Structures are given as structure tokens and as C-alpha cells.
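Report on the structure given below.
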Amino acid sequence: MIPPTSKRKLQRAYDRHMCKWRHLVENVFCDLKGFKKIAMRSEKTDSSFAANIYLAATLMASR
């Protein structure tokens, strides 16, 4: 759930912890799309595509 704006009269409850994790996961997927082979899905097999994702994640972690 997206947190409500601060100007809202009736503040709705939301899970701050879950919102932070969701944001983190969205950022990882955004970074993965920066790798051209992953964004284009140029691999023929699922195992090759998964290998490219693992390689890109390893490169992102080493930065």
C-alpha cells in the first residue's frame, strides 16, 4: 500500500515496514532493467535467462 500524503485530514493506517521492502524490491528490478540482455529478454531458454539475472545481481552487489 502506498502511504497517504501528509496533508490528508484522515490519515489511513499502512505498514511502514512492508512499504520499505516493496520500495527496495522495485529499485532492484529497476536496476536489473539497466542490463540490456535482461530488459530485451534475448535469451532463448529460461535457464539462460535466469543465469543472466544471477550474473547481473552479482555485478550489482559488487558495486
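Residues 0 to 62 in numbering that gives the first Met the number 0 are what the sequence shown spells out, letter by letter.
Glycine is no exception: its CB is placed at the ideal position from the N, C-alpha and C atoms.
Only a predicted model underlies this, so the values are computations on that prediction, with no experimental measurement involved.
Sequence-distant residues of its chain with Cβ nearer than 7 Å to residue i (five each side left out)
i	result
M59	D30
Same chain, Cβ closer than 8 Å to residue i, neighbours up to 5 away in sequence not counted
i	result
P3	Q10, R11, Y13
Start and end residues, alpha helix (DSSP H) containing residue i
i	result
E25	15-31
F48	45-60
I1	Per DSSP, I1 belongs to no alpha helix (DSSP H) and is neither H nor E.
Query raised in the report: Is the segment 19-28 close to the segment 44-54, with three or more CB pairs under 8 Å?
Result: no
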